[in-house]
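A.B. asks:
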Amino acid sequence: MPRFLAAFLLLLFWLPARAFEPFVVKDIRIEGLQRISAGAVLNQLPVRIGDRMDENLSARVIHALYKSGFFKDVRLEREDNTLVVFVAERPSIAEISITGNDAIPTEQMEEALKQIGLSKGKVLNRALLDKIRLELERQYYSLGKYGVQIKTTTTPLERNRVKVSIEIAEGEEASVYAINIVGNRAFSDAVLLSRMKLSKRNFLTGGAQYSRQLLAGDLETLKSWYLDRGYIHFNIESTQVSLTPDRQDVYITINVTEGQQYRVRDVKLAGELILPKDVVKSLITLAPGDVFSRKEAVDSTKRISDRLAEIGYAFANVNIIPDIDDKDRTVGVTLFVDPGQKVYVRRINISGNTKTKDEVIRRELRQMEGDWMSTKKIALSRTRLDRTGYFETVGVETPAVPGTPDLVDVNFNVVERPTGNLSAGLGYSDTQGALFNFSISQENFLGTGKRVSVNVDNSQVTKNYSFNYSNPYHTLDGITRGFSIYYRAIDAAEAQISNYTTDSYGANITYGFPLSEIDSSRFTVGYEKSTIVLGSTLVSQDVLDFVAENGDSYGYFPATYSWIRDSRDRRILATRGGTTSFVTEVAVPGGDLEYYKVNLRHLQYFPVSKRVTFLAKVNLGYGDAFGDTTRLPPWKKYYAGGSRTVRGYEANSLGPVDPATQERIGGEKKLIGNLELILPNPFTETEGSTRLTAFVDMGNVYAKDAAITADSLRFSTGIGLLWLSPVGALRFSYAIPFNTQDGDKLQAFQFTMGSAF
4 MPRFLAAFLL LLFWLPARAF EPFVVKDIRI EGLQRISAGA VLNQLPVRIG DRMDENLSAR
64 VIHALYKSGF FKDVRLERED NTLVVFVAER PSIAEISITG NDAIPTEQME EALKQIGLSK
124 GKVLNRALLD KIRLELERQY YSLGKYGVQI KTTTTPLERN RVKVSIEIAE GEEASVYAIN
184 IVGNRAFSDA VLLSRMKLSK RNFLTGGAQY SRQLLAGDLE TLKSWYLDRG YIHFNIESTQ
244 VSLTPDRQDV YITINVTEGQ QYRVRDVKLA GELILPKDVV KSLITLAPGD VFSRKEAVDS
304 TKRISDRLAE IGYAFANVNI IPDIDDKDRT VGVTLFVDPG QKVYVRRINI SGNTKTKDEV
364 IRRELRQMEG DWMSTKKIAL SRTRLDRTGY FETVGVETPA VPGTPDLVDV NFNVVERPTG
424 NLSAGLGYSD TQGALFNFSI SQENFLGTGK RVSVNVDNSQ VTKNYSFNYS NPYHTLDGIT
484 RGFSIYYRAI DAAEAQISNY TTDSYGANIT YGFPLSEIDS SRFTVGYEKS TIVLGSTLVS
544 QDVLDFVAEN GDSYGYFPAT YSWIRDSRDR RILATRGGTT SFVTEVAVPG GDLEYYKVNL
604 RHLQYFPVSK RVTFLAKVNL GYGDAFGDTT RLPPWKKYYA GGSRTVRGYE ANSLGPVDPA
664 TQERIGGEKK LIGNLELILP NPFTETEGST RLTAFVDMGN VYAKDAAITA DSLRFSTGIG
724 LLWLSPVGAL RFSYAIPFNT QDGDKLQAFQ FTMGSAF
C-alpha cells in the first residue's frame, strides 16, 4: 500500500508537468486566489523569471505548493512563455463548535486544539480532524471514559470558509469490576486493596471509577507500602488492564514480586554534621533491629536538613547510603550530611502593601537582614503576618543573589484585605430577637496597624454603644495599649431570664504584654456604673434578694487579667493550632460591688486531611461575691443554651430555675464542651467565607453549691454553617438534643441572620 501511494503521488506531480515542453519563464501568473496574496504564493515557488521550466522543476513547484498546506488542488499551464499556476485554496475555519463535553472544559479543549493548529482563521487541514479525534479519545480514556464517541463534521460557509463541529458523547466512566494482585504472600489482598483509592465492585457502593492517574498513584502506594515494611526488593512486574466489550467495566491484574523482609543492621553518620552528634541522632527514628522503612529513612533526612536550615544552612543535603546484605537480609544505613555554605540574608523586600506602612509589616518579622537565613524564622514571620488579619494572602520567596552563593534575598508579597468596614443591617437572632446594627471600624487605621471602631447595636435584648481604640505596638517591643467607652442596656425578660433591666455605662483602659511568640497577657482596669430596674411581676426571688441586700444602683471598678496562648495558623477560619485563655475579672474593693469571675477557655484544631479538621473546645467558668456584696450580680452570672453554647436548646434556657416564676436565673458555675468536625465546603473548592461542621455539644450551668454530674449535663448533635457576611458572623445550626430533662426548652433549628443595606 505505501508503494502504491508513492507511485500515485509521483504520477500526480508528473502528469501536470507533461502538459508543456521545456521553456524559459518570462512571466508568472497565479489564478484562483481568494484570501492568499499572490506575493505569498510567489515566495513559496522554487522558480523565478528567467529560469528554464522543465519536468523536474514543475514537479518541485507543485510539491512546494502542496507542502504549504494552503491548497487542495494545484495545476500548471503554459501560455506562450508565461507560467500559469492554477490553485484551489483550502477553506479557512470561521467557527469551531464543541458540544457534549462535561468532563473537559470547553476552554481547555479550545486551547489544546489551538496548539495543534486548529483555531479560528487557520486553514483547514482535514488530516487534523482525525488527529483531533484520536487526541480527544486519549484524554477521555485517561479519565476512564472508554465509551466516548467523537464525531467531527465540517459545514461549508460563504467566502470559502467552514464551520468545524465536534460532537462528543462522553458516555459513562468505566468502573473497576475486579482487582487481582498476584504474587503477594506477606499481605493479603484485603490489606493491600484497602490502601488503594481504586476499589473493586461491591453490592453497596459499586466500583470505583477507573482512571490511569488513579491506577498509577495506587501502584506507587503499593510500592511505598512494601518499602516502608522492609521489602526493599519489591517490584511490580506488570499490570494488565482489560475492558469488557461494552467498555463499562475494567479488570485490573497486578503482578508483584515481594522479595524478603530486611532489617536495619546499623545506622551511621558521615559528613560534616555541624550540629552536636547527639542532637542529630535524636532526629533519626531508625534503629538497629528495626524493620527497614524507606519513609522513616527519608523523614529522618528531612528532619536533619530542616534543623540545619533553621541555623542558616538553607541548602543542606542529607543523603541515604544503604549497604544491603542479602545473605543476612539486613541494611546498613549511612546518613551523609552535606551542610553546604551558611546562607545570609542580604535584603528583605516587601511588595503589595499599598495601604499598610512598611514598618507595620517589618515589626512582625522575625528574620532580620544581615542575619543568617532561618527557615523557622521566615515561616514564623509569615504566620505573624497572617495573624494580623490585614492580608488576604502572604507569599514569601528566597531567591539567591546572583554571583554570591552564600547570600539570599527574602521577598514578602502581600495581598491586602479591606480592613475598614462601614456597615448597617437589619436582622434576627434566636438569642436577641430583631436587631439593628451600625458600625464603623478600621483594623488597620491609616495603615498604622491601630484599631479604631464605633459600634451601635440594638435588639430586643441588648442596646450597646461603644467606641474602642487599640494600638498593638504602643512601644517598639510590642506592648499594647487601648481604651473603650461604652453604654449597655439589657432587657433580661426578652432574654428569657427574669423580669428586670440593667443600664450600664463605663470606660476602661487596657495594656497588653507579649510573653513569647504565642503567649501574651493583658490587664484591664475601668469604672462602670450600673442600675437595675425590676419589673412589676415575674421577678425571680434571686434578683429580688440581690436588690434588697445590695441596692439597685452601683458604681464599681472591674479589673481583668488575661493570659492568652494563641498558636493558630490564622486568626479567621483557622485549621491548625489552638488558643487557650485564662481570664480573671475582679470588682476590686472601694466600689459598691465586690465579686470575682474566673474563666478558662481552650480550643484546639487537629487536621485530619487537607480539607477536614477536627476541633475540640472547652469553656469553664466560676464566679462569686466577696466583701460586703452578698451574691454574684444577676447580669454577671453564667447562662447556657443557644447557638454559642449548647445548640438544640433555647437561648439561656439551661441552669438553675426559680421555683416561682420557672425562669432560668443563671449560675455561678459553667461547663461547656464542643466537638466539631469541619467538613469541606460544599459550594466551593476552597473554604472562602463559609464553614460547614458536624458537632456534638455538651454543657450546663450550676448554682455554686450544686454538684456537677453526668446526668445533669445536656447534650446535642447536629450540623452547623458559619458564614462571615458583611454584617458579621452568621451561624445556622440544626441540632437534636439528648439527655433532656422535664422542663427543658428545645429548639432544633437556630440561627442568627441579617442583611446589609
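Residue numbering for the sequence shown follows the numbering used here, starting at 4 and increasing by one per position. Beta carbons are placed, not taken as given, at the ideal position from N, Cα and C, and that holds for glycine.
(1) Quickly, what does DSSP pair Leu680 with across the bridge? List them, please.
(2) What residue from Tyr652, Val44 and Ile99 has the CA that sits closest to Glu92's CA?
(3) What is the rounded straight-line gap between the Cα of Leu674 and the Cα of Ala619?
(4) Taking DSSP's pairing of strands, which residues face Gly220 in a bridge?
(5) Starting from Ile535 and walking both ways along the beta strand (DSSP E), at which residues does that stretch end?
(6) Return the residue from the list Lys125, Gly593 and Ser296 that minimises the CA-CA distance to His236.
(7) What three-state label does DSSP hand Phe318 in the structure shown?
(8) Skipping 5 residues on each side, what residues in its chain have a beta carbon closer than 7 Å to that of Leu383?
(9) Nearest to Leu286 by CA position, among Leu537, Ser245, Gln251 and Val340, is which residue?
(10) On a CA-only basis, which of Asn238, Phe394 and Tyr625 is nearest Val586? Give me that one, please.
(11) Take Leu225 as the anchor and find which of Ser214, Gln251, Asp192 and Tyr213 has the nearest alpha-carbon.
(12) Based on Cα-Cα distance, which residue from Val194, Asp221, Tyr476 and Asn447 lies nearest to Thr242?
(13) Is the beta carbon of Thr401 closer than 7 Å to that of Pro417?
(14) Could you tell me which whole alpha helix (DSSP H) segments of length 4 or greater appear in the segment 120-155?
(15) Leu121: buried (16+ other C-beta within 10 angstroms of its C-beta) or exposed?
(16) Can you tell me the Cα-Cα spacing of Gly262 and Pro291, whole angstroms?
(17) Applying the criterion that 16 or more other CB atoms from any shown protein chain within 10 Å of the CB defines a buried residue, is Leu68 buried or exposed?
(18) Using CA atoms only, rank isn't needed, just tell me which of Arg81, Gly72 and Leu86 is closest to Val50.
(19) From Leu289 to Trp228, what does the alpha carbon distance come to, in whole angstroms?
(20) Terminal residues of the continuous beta strand (DSSP E) containing Asp494?
(21) So, helix, strand or coil for Arg332, using DSSP?
(22) Whole angstroms are fine: how far does the CA of Pro342 sit from the CA of Glu275?
(23) DSSP state of Asp412, grouped into three classes?
(24) Mind checking whether Asp572 and Thr582 have CB atoms under 7 Å apart?
(25) Closest to Ile681 by CA distance: which of Ser692, Thr696 and Lys672 is it?
(26) Strictly by DSSP, which residues pair up with Pro517?
(27) Could you please give the first and the last residue of the uninterrupted beta strand (DSSP E) stretch that includes Phe470?
(28) Is the number of C-beta pairs between the segment 518-534 and the segment 560-569 that are closer than 8 Å three or more?
(29) In the structure shown, what three-state DSSP assignment does Thr357 receive?
(30) Ignore the nearest five residues each way along the sequence and tell me which others in Val455's own chain have a CB closer than 6 Å to its CB.
(31) Measure from the alpha carbon of Gln750 to the alpha carbon of each residue in Asn742, Ser656 and Ile65, then state which is nearest.
(32) So does the segment 110-120 actually touch the segment 54-69, counting three or more Cβ pairs closer than 8 Å?
(33) Go ahead and label Tyr265 buried or exposed: buried means 16 or more other beta carbons lie within 10 angstroms of its beta carbon, across all protein chains shown.
(34) Going by the CB atoms, is the gap between Val267 and Val334 shorter than 7 Å?
(35) Tell me which residues share the same chain as Tyr508 and place their Cβ nearer than 6 Å to its Cβ, disregarding the 5 neighbours each side in the sequence.
(36) Excluding the 5 residues flanking Phe609 on each side, which residues of the same chain have their C-beta closer than 6 Å to its C-beta?
C.D. replies: In terms of the structure at hand:
(1) For the purposes of this step, residue 680 is taken as the residue at position 677 of the sequence shown. According to DSSP, Leu680 bridges with Phe617 and Ala697.
(2) Here residue 92 refers to the residue found at position 89 when the sequence shown is read from its first residue. Of the candidates Tyr652, Val44 and Ile99, the one whose C-alpha sits nearest the C-alpha of Glu92 is Val44.
(3) To locate residue 674, count along the sequence shown from 1; it is residue 671. To locate residue 619, count along the sequence shown from 1; it is residue 616. Cα to Cα, the separation comes out at about 14 Å.
(4) The residue you call residue 220 lines up with position 217 of the sequence shown. Looking at the DSSP assignment, Gly220 forms no beta bridge with any residue, so it has no partner.
(5) Mapped onto the sequence shown, residue 535 falls at position 532. Per DSSP, Ile535 belongs to the beta strand (DSSP E) from Asp522 to Leu537.
(6) The sequence position of residue 236 within the sequence shown is 233, counting from 1. Here the closest residue by C-alpha is Ser296.
(7) As a position in the sequence shown, residue 318 is number 315, starting the count at 1. Three-state result, Phe318: coil.
(8) Translated into the one-based positions of the sequence shown, residue 383 becomes position 380. Excluding positions up to five away in sequence, the list reads Arg369 and Glu520.
(9) Within the sequence shown, residue 286 is the residue found at index 283, counting from 1. Leu286 has its Cα closest to that of Val340, out of Leu537, Ser245, Gln251 and Val340.
(10) Position 583 of the sequence shown, counted from the first residue, corresponds to residue 586. Nearest option by C-alpha distance: Tyr625.
(11) The residue given as residue 225 occupies position 222 in the sequence shown. Checking every option, the nearest Cα to that of Leu225 belongs to Asp192.
(12) Position 239 of the sequence shown, counting from 1, holds the residue named residue 242. Among Val194, Asp221, Tyr476 and Asn447, the Cα nearest to that of Thr242 belongs to Asp221.
(13) Taking the sequence shown and counting its residues from 1, the one referred to as residue 417 is at position 414. Taking the sequence shown and counting its residues from 1, the one referred to as residue 401 is at position 398. It is worth fixing the name first, because residue 417 is Val in this sequence and not Pro. The beta carbons of Val417 and Thr401 sit no closer together than 7 Å.
(14) 129-145
(15) Taking the sequence shown and counting its residues from 1, the one referred to as residue 121 is at position 118. Per the 10 Å Cβ criterion, buried.
(16) In the sequence shown, residue 262 corresponds to position 259, counting from 1. In the sequence shown, residue 291 corresponds to position 288, counting from 1. So the two alpha carbons sit approximately 21 Å from each other.
(17) As a first step, residue 68 is located in the sequence shown; it is residue number 65 there, counting from the start. Label assigned to Leu68: buried.
(18) As a working note, residue 50 is residue 47 in the sequence shown. Of Arg81, Gly72 and Leu86, the residue nearest in Cα terms is Leu86.
(19) Walking along the sequence shown from the start, residue 289 turns up at place 286. Walking along the sequence shown from the start, residue 228 turns up at place 225. Going by the C-alpha atoms only, they are around 17 Å apart.
(20) As a position in the sequence shown, residue 494 is number 491, starting the count at 1. Note, Asp494: beta strand (DSSP E), Thr483 to Asp494.
(21) Sequence index remark: in the sequence shown, residue 332 carries index 329 (1-based). Coil, per DSSP.
(22) Numbered from its first residue, the sequence shown carries residue 275 at position 272. Numbered from its first residue, the sequence shown carries residue 342 at position 339. Approximately 7 Å between the Cα atoms of the pair.
(23) Taking the first residue of the sequence shown as 1, we reach residue 412 at position 409. DSSP places Asp412 in strand when its eight states are reduced to three.
(24) Along the sequence shown, one-based indexing puts residue 572 at 569. Along the sequence shown, one-based indexing puts residue 582 at 579. For Asp572 and Thr582, no; Cβs fall outside 7 Å.
(25) In the sequence shown, counting from the first residue as 1, residue 681 sits at position 678. Ile681 has its Cα closest to that of Thr696, out of Ser692, Thr696 and Lys672.
(26) Taking the first residue of the sequence shown as 1, we reach residue 517 at position 514. Within the DSSP bridge table, the entry for Pro517 names Ser523 as partners.
(27) Mapped onto the sequence shown, residue 470 falls at position 467. That run of the beta strand (DSSP E) goes Thr465 to Asn474.
(28) yes
(29) Locating residue 357 in the sequence shown gives position 354, where the first residue counts as 1. Of the three classes helix, strand and coil, the one that applies to Thr357 here is coil, per DSSP.
(30) As a first step, residue 455 is located in the sequence shown; it is residue number 452 there, counting from the start. Excluding sequence neighbours, Val455 sits near Gln445, Phe448 and Tyr472.
(31) Translated into positions along the sequence shown, residue 750 becomes position 747. The option with the nearest alpha carbon to Gln750 is Ser656.
(32) no
(33) Your numbering for residue 265 matches position 262 in the sequence shown. With 16 or more Cβ atoms within 10 Å of its Cβ, Tyr265 is classed as buried.
(34) Position 331 of the sequence shown, counting from 1, holds the residue named residue 334. Position 264 of the sequence shown, counting from 1, holds the residue named residue 267. Yes, the pair counts as a contact, with Cβ atoms nearer than the cut-off.
(35) Along the sequence shown, one-based indexing puts residue 508 at 505. Counting only Cβ-Cβ distances below 6 Å, and skipping sequence neighbours, we find Tyr490 and Lys532.
(36) Here residue 609 is taken as the residue at index 606 of the sequence shown, counted from 1. Around Phe609: Phe617.
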